[in-house]
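J.: Okay, so the sequence shown: first residue is 33 according to the numbering used here, each after it adds one. Glycine included, each C-beta is placed from N, C-alpha and C at the ideal position. Please read these numbers as outputs of a predicted model, since none were measured by experiment. Sharing a structure with you now.
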Amino acid sequence: MKLHKSYVIVMLISCCHLISSIPTFTSWPKVVGSYKGKSATLTWILSEPLTKDWYSVSILYDKLSESISVCVWYDYKPNNVGCKEEYRTRVTANIKVGSKIISLNLNNLQPDDVMYNYRCVVRYEAFSASVRNNMAWIMLYDDPGIPVISSSINLPEVVENTYLIMTCSARSTTILPDNLPSDLKPIMEYKWQRDNKNLTNDDRHIVSGNTLTIDKVQRQDNKIAYRCIAQESGSKLKRSKSLTLDVRYKPGEAKADSNRIGPYFEGHSTMIKLTCSVTDSGNPQANFMWSKDGMDKGHTNQGYYTISAGQLSVSGHDGLWKCTPSNVIGDGEPDTINITVYAKPVFIKILSKQTITAEIQNDLNMLCNIRGRPAPDVIWQYKGGHLPVGVTVISESDVINNKLITVNRRLIWSTDSTLDQRRTTSGLYTCIGRVNDRETKQNINIDVQYGPYNTKIIPSGNITKIEKEHLTLTCAATCNPQCSYIWTRDNKQIIVRDVLEFMSVKRQDEGYYRCTSSNGINTSQHKDVYIQVNYPPELNIRVTPSGDLIQGYNVTVTCIVDSRPEPSSIIWTNITDPDLQDLDCSHKNITHCMLTLSDINILDSGTYQCQADNGVRGSPVTINKIITVYGPAHWYMIDPEGYINGVSIGDITNFKVWVIARPLPRQDQWKWKFSSSNSSNVMTTDPGHVHLTVSDDMAVLSITNVTISHYGNYYIWTNNQYGGWNEGELMFELKKQGPPSKPVNFHVIDVTAVSIRVQWIRGFNGGLDQTFTIRYTDVVSGVVKEKSGIEDRVVGSGQMITDDITDGIEPETEYQLQIFADNSKGQDVGDKVSAVTPALARFRQDPDVRIDEDKAEISFHISGPLTHIKVENCVEGTENCVIETVKVPRKTRIKHETARTVYDFMATVALAESKAKCLLFSFWMYDGGVLLTSHPTVVKINKAYDCEIFDNYLKIQGLYLTKLRSNDNIIACLGMTSDLKLLIMDAAPLGNLRQYLEMKADEMYYNVTSSKTLEMDFINQIIKASDAVHQLDPPGLFYCLCSSNVLLSTDQKCKLSGFASKESVKAREKWEEENNAVVITIEICNLPFGDVTDDEARQKVLKGQKPFKPTKCSDDMFDIMTQCWMRQPYNRPSLHDISVNCNELVQYEEV
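This is the structure in C-alpha cells:
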C-alpha cells in the first residue's frame, strides 16, 4: 500500500526550570492509519518524564521545504490558543508533567491531512534549546477494489486430474503521504476459501500469496465454489466473486443386472430387461453400450436393454453380456452379466416295446438319447423306481451342436447279472430327461421271457393230514410265458392242471406225489411232496388168563394200539380207585402196553382204562375193561376202632363190621357168639336184645336195652364159597362206663430252650370223652406246673398224640413230666419221663442290614443247638410296616464251639414303598412253632432323623409286658435295646383287629337264617379279646382300649396292646374293664358304627346312651350290645360276662 501524503509533527518544549540534560523521544507508531472523517492520534515517547522546565511544545508539518506550525502550547498549558484556526477545533493535546507520552488527536480527517509529515518540538527555557523527534505520518484508508480470480485455463470447466493454478488480484485505494518511506507503506494480503471455508495447505491445495494451486483436480471438486479475499494492512476485507468448478470426468463402474433371475428357457413367456447402473454417471452424463460375446448390441442412454417376451433363444441371447458406460471424457469400468438360456429336453428317437429272452446275456440293449441345454440329466427307471438288480445303465459320449447337448444312456444287463436276476426284470421302464424343472419321458415295456423255475407246492413241505380231512395241493412255478402243470404218482399221470384235490383223504392216499411245470422255454422243472395220513389210536384189550379171575392169580392185561403216528403215551388207570392212576406197564412198546397184576385180590377188581394219545384230533382214545376178582371175605373196617364200647345200663350200642368179599356173604353166612364177662372165657347163649343185620358189605350187631348180662366179649365172623375168617379172630368188648385207661408209651421227642415236645398212646377212654393233663416239675426249684385240657386228638389205639409244653419252660433246666388221663368218671395215672432243656439260642452279633433302594440285604449269625429254624422279619417304619417271611437258606458255615453250632445266614427282603425315615428290623427265631429268641436292629434311612421314643414310657411298657409274657393273649415283650430306646414286640402280620374287621365287614353280620355264616368267627374274636382282658391279674387299666389296639397273630389269635398299669396312666377318664368291653364289642359288631366317630362312640359309652341296632344284627346279639350301654358302669357286663354270653350264642347256633 502506498502513502500519498506525509505529516511531520514537531514538538518544541521550553523549559522554565533547569534540567540536567536534554531528553530525547521518538514517535510511535510512525504511521497512523484512519478513515476519512475519523480521527487519528499521533504519539511521541520521551526518554524521560516531562518536567516543568519545558517552555513550549510545538507541532509542525513540513510543506515542501517549509515547516509550518500547527499548534504551540506554552507553560505546560495544553490549550488550543496557539493553534492555527483550522486546527483549533480539531486538535486535542495530551501533555502532562511527569508523563513520558505526548499525544495529539486530530479528528475529522481529510485527504489534505495526509499530505504532510508531522514533527513535535519541545523547547526548554534553561537550555534555550529545543528537542525534535523523527517524523510521523497519517494515511487515509479506503476499501480495496473487488478481487479478480484468473487462470491459464478457461474456467470454470476443467478436466479431472488437471494441475490448476488460480491467481487473485485486487487494486489498493488508500491515500498515502508523498514522502512516506516504502517500508512504511501498507501491504495487500490475500486469503482463499472453499465452499465458504478458509483454505489451508493440504495434500492437494497449496496457498501462496495471491495464488491457489490445486494439485490435480478430482471429481469431488465438481460444483465446489472457490473465492479469494483481499485486505490491505488495517483496511477492510474485500471478497471476490465465487468460482464454481465444472469438473469433467469419465463415468464410474458399471453394474449389470436383470429384472428376472435366470436361467431362462427358450421362448421365455415374459419380457426380460437388462439394466446397467453406475456408481457415478460421470460429467457429462454417460450413455451405455451393450455387447454379447464381443458383438455390439447397440447404445442406450437409459441404461437398460429389453428382450421381448417369447423371443429368447439359445443362439441369440445365451452368452456373456457386457455393459460399458461412456462420455466425452472416456469409458467407465464395464460390467458383465451372464444370460443362460436353457433348451428343454427333447427325445431324438422314439422308444418301442421289446421282447427278449433272459437266457441270452446281451439281449437287453436299449438306447435313450435326449437333447437339451445344459446337458440333460438322463435316468432310467423301473416301474417308477430304482432299476432291478442285474440291470444297469452305461453312458455314451455326449454330442454338442450349437450349444445344444445330446446325452446318450444305454440300458443293458450288467455283466455280472445272474439268470435269476434277469428273470425278474420284465416290466415298464421309463427314460426321463430333465433340465432343471423341465422334464420329458418315454415309457417302454420290456418283456423278459424265461423257462420255469422255483417250482413249489402249496402248502410247502411234507403234508400231514388226518384221515377224512380235505386236502388241496396247488403247484406253482415262476415262468414267462405261463407254465402248464402235470401231477403224477409212481410215474403215473393223475391230472393235468395246477391243483390236486382230495375231498376226503384216506390212509391209502399216503405216499409221494410229483408236480412237473413247463412252458416250452428251456427245460421243465418238477417238485415232490410226501402226504402222511394220520388217524387216532384204535384200541383192543386182551386179558390173560381168560375166564374167572380168582384171588391169588397173576393176571396180564394188554392194551394193543394201532395209530398213525405211533402213540406218544399209553396209560393204564383204575378208574374205580382214584388213587390208582398211571399204572406202570410191565412191558411197553410203540404198539402195546402190558399191565401185570400179580397176586391179585378182591380190591384189584374194578374198571381198568387204557388211554392212548398220539396228538391227532380225536385222541386221546380210551377203552375200558372190567376186571372182577373173586375171593374170600375179610374185614377192612370196624366200629368202634378200639374194639371196646363203654355203655351204661339201658343204653343202646352197636358193633359194626365192613367186609370185602366177592361174592359178598349172605345174611345166613354171618355168625356171632357171646362170652359173658361174668363167666371166664366161656361162650354163653344169647343174652337177649342182640340182633345181627346185614346190608351189602356191612354187618351190624345191635344191643338194645343193655343189662349187666350183656357185658362181655362178642365174636363175629363170616365166609363165602372162597373162604373167610374164623370165629375167634374178631372180638368186640362191651364194658360198663368208667375211668379211662392210662396212656402208654409216654416219651419226649424234642426239647428246645423254651419248649418240650412229648408223645403218647391213648388208652380206653372209659366210654366217655377224655382229656389229658401233663404235670411238669422243675427238679431243682421244685416248682410244679400243669398243662390240662389236652384234647384226645386221635381215635383208635396205637396212634400217637403229640403236644408242646411251653409255659414257664426255661433254658438249661431239668424237668420231670408225668401224664394223666381224665374223664367224668375219674383219672388214670401214666408214666413219668425226664427232660433237660438246652441253652437258649442267641444271635452272635447284631444282624447286619444294608438298605439298597427297594431291598434290604441282611446277614446274621446264630448259635445254638438248632435242628431247624424259621426267621420272620418285620420292617417297621414311622408310617408303614411291611411283614416279610424270610426263608432261611441252607447253612453256609458250621463250626463246633463248646457243643454249640454256629449258623450263618444271608437273606434279601423286598421293601414296600414307604416314607419311613428309619426302619426297625425285628428277627424272631422259631423251632417249629416255638419262639426261641428275637433280636431288633434299627436302620436309619434319613441320618438326620431322631428315632428315639420317650425312654420313660418304654421302661414302663417293657417292664409291665415282661410280666405278662406268659399270657398268650397279650402282646409279648420280647426284649428292649440296651439303651432303652426301642421296645421289641411280637409280630402281628394280620394287623390290628379293626383293620381285619373292616376288610371283612361285609361278611361279619350275624344271619339268623343260617349257621354257616362267618359271623361266628367274629363273635369268637369278642370271646378271645374278652378272655385276654379277663386274664390280667390284677385286672389292668386300659387307656382308650379299642379294636385298633387288639393285634392279630398269624393264627388270628387276639393279642392286646396299648395299655398300662393304673399308676402309669395319667388320664382324665379312667377306663375300667366294663367300659373297654363295650367299645370292643360295639366295634366288632358294628363296623363302621354309622356316622358316629370313635370318640363320639366312647362319649356315648360314658353317658350310657343307647345305640342304634346295626343292620342285619340278630336280636340275641343286640341284647348283648344293649347291656354294654347301660348308664351306670357297674350295670354293664364285664368282658368275662360277654365272653360267656357269646359262647352260649355260638353253642346254640352250632346245635
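Once you ignore the five residues that flank Val-1172 on each side, which residues in its own chain have a CB closer than 7 Å to its CB?
T.: Hits under 7 Å: none found.
J.: What are the boundary residues of the alpha helix (DSSP H) that includes Cys-1156?
T.: Segment 1147–1156, the alpha helix (DSSP H) holding Cys-1156.
J.: What does the Cβ neighbour count give for Glu-844, buried or exposed, with the cut at 16 atoms within 10 Å?
T.: So Glu-844 counts as exposed.
J.: Ile-781: which of Tyr-296, Val-812, Ile-833, Val-811 sits nearest, CA to CA?
T.: When only C-alpha atoms are compared, the closest one is Ile-833.
J.: Whole-angstrom Cβ separation of Tyr-747 and Leu-724, contact assumed at under 8 Å?
T.: 12 Å between Cβ atoms; not a contact.
J.: Round the Cβ separation of Ala-853 and Asp-863 to the nearest angstrom and send it over; I've been treating them as touching at under 8 Å.
T.: That belief does not hold up - the Cβ atoms of Ala-853 and Asp-863 are roughly 12 Å apart, past 8 Å.
J.: Roughly how many whole angstroms lie between the Cα atoms of Ser-131 and Val-89?
T.: Spanning the two alpha carbons is a distance of roughly 14 Å.
J.: For Asn-551, I'd like the list of residues in its chain whose CB is within less than 8 Å of its CB, leaving aside the five on either flank, ordered along the chain.
T.: Closer than 8 Å at Cβ, skipping near neighbours: Gly-483, Pro-484, Cys-511, Asn-512, Pro-513, Gln-514, Cys-515, Ser-516.
J.: Residue range of the alpha helix (DSSP H) that His-418 falls in?
T.: Per DSSP, His-418 belongs to no alpha helix (DSSP H) and is neither H nor E.
J.: Buried or exposed: which applies to Tyr-222, given that a residue is buried once 16 or more other Cβ atoms fall within 10 Å of its Cβ?
T.: Result: buried.
J.: So is Thr-447 buried or exposed if we call it buried at 16+ other beta carbons inside 10 Å?
T.: Burial call: exposed.
J.: Just verifying my parser: in three-state terms, what is the DSSP assignment at Arg-455?
T.: Helix.
J.: If we require 3 or more residues per run, which beta strand (DSSP E) segments fall completely within the stretch 191–275?
T.: Entirely contained in the stretch 191–275, the beta strand (DSSP E) runs reaching 3 residues are, in chain order, 196–201, 220–226, 237–240, 243–246, 257–264, 269–271.
J.: Please classify Val-783: is it buried, with 16 or more other beta-carbons within 10 angstroms of its beta-carbon, or exposed?
T.: By the neighbour-count rule (16 or more Cβ atoms within 10 Å), Val-783 is buried.
J.: Check whether the Cβ atoms of Arg-236 and Lys-255 lie closer than 8 Å to each other.
T.: No; because the gap between Cβ atoms is not below 8 Å, this pair is not in contact.
J.: Only counting runs of 3 or more residues, tell me where the beta strand (DSSP E) segments fall wholly within the stretch 67–132, in order along the chain.
T.: Entirely contained in the stretch 67–132, the beta strand (DSSP E) runs reaching 3 residues are, in chain order, 72–78, 86–95, 98–106, 123–126.
J.: Pull up the CB-CB distance for Val-153 and Leu-208, whole angstroms please, since I reckon it's below 8 Å.
T.: Incorrect: roughly 25 Å between the Cβ atoms, too far for contact.
J.: Closer than 6 Å by C-beta to Glu-118: which residues in its own chain qualify, once you throw out the five before and the five after it? Chain order, please.
T.: Excluding sequence neighbours, Glu-118 sits near nothing in its chain.
J.: Do you know offhand how far Thr-245's Cα is from Ile-185's?
T.: Rounded to the nearest angstrom, the two C-alpha atoms are 13 Å apart.
J.: Starting from Gly-348, trace the alpha helix (DSSP H) both ways and give me its first and last residue.
T.: That run of the alpha helix (DSSP H) goes 346–349.
J.: Run the CB neighbour count on Glu-846, radius 10 Å, all protein chains shown included, and call it buried at 16 or more, exposed below.
T.: Glu-846 comes out exposed.
J.: Quick check on DSSP: helix, strand or coil for Ile-490?
T.: Note: Ile-490 maps to strand in three-state DSSP.
J.: Kindly indicate which three-state DSSP category His-742 falls into: helix, strand or coil?
T.: The answer is helix: DSSP assigns His-742 an H, G or I state.
J.: Quick check: the Cα distance between Met-1031 and Ser-1076, rounded to an integer number of angstroms?
T.: In a straight line, the C-alpha of Met-1031 is about 13 Å away from that of Ser-1076.
J.: Specify whether the stretch 130–150 and the stretch 72–81 touch according to this definition: at least 3 beta carbon pairs, one from each stretch, less than 8 Å apart.
T.: Yes, the stretch 130–150 is in contact with the stretch 72–81.
J.: Give the range of the beta strand (DSSP E) segment to which Ala-853 is assigned.
T.: 846–855 is the span of the beta strand (DSSP E), which, as asked, contains Ala-853.
J.: Less than 8 Å separating the beta-carbons of Val-661 and Ile-692?
T.: No, the Cβ-Cβ distance between Val-661 and Ile-692 is not below 8 Å.
J.: DSSP three-state call for Gln-317: helix, strand or coil?
T.: Reduced to three states, the DSSP call for Gln-317 is coil.
J.: Taking only the alpha-carbon atoms, compute the straight-line gap between Thr-389 and Gln-453 and give it to the nearest angstrom.
T.: Roughly 12 Å between the two C-alpha positions.
J.: Looking only at its own chain, which residues have a Cβ that is under 6 Å from the Cβ of Asn-686, when we skip the five neighbours before and after it?
T.: Result list for Asn-686: Val-732, Ser-734, in chain order.
J.: Determine whether the beta carbon atoms of Thr-438 and Ile-518 lie at a separation below 8 Å.
T.: No; because the gap between Cβ atoms is not below 8 Å, this pair is not in contact.
J.: Out of curiosity, what's the CA-to-CA distance linking Thr-576 and Met-669?
T.: Computed Cα separation, rounded: 32 Å.
J.: Considering just the uninterrupted stretch of the beta strand (DSSP E) at Trp-519, what are its terminal residues?
T.: Run containing Trp-519: 516–521, per the beta strand (DSSP E) assignment.
J.: Quick check on DSSP: helix, strand or coil for Asp-631?
T.: The answer is coil: DSSP assigns Asp-631 none of H, G, I, E or B.
J.: Just the Cα atoms here: how many angstroms apart are Met-1036 and Trp-757?
T.: Summary for Met-1036: the model assigns pLDDT 49, below 50, so the residue's position carries little reliability, and this model does not support an answer.
J.: Does the Cβ of Ile-426 have 16 or more other Cβ atoms within 10 Å, making it buried, or fewer, making it exposed?
T.: Its Cβ having fewer than 16 others within 10 Å, Ile-426 is exposed.
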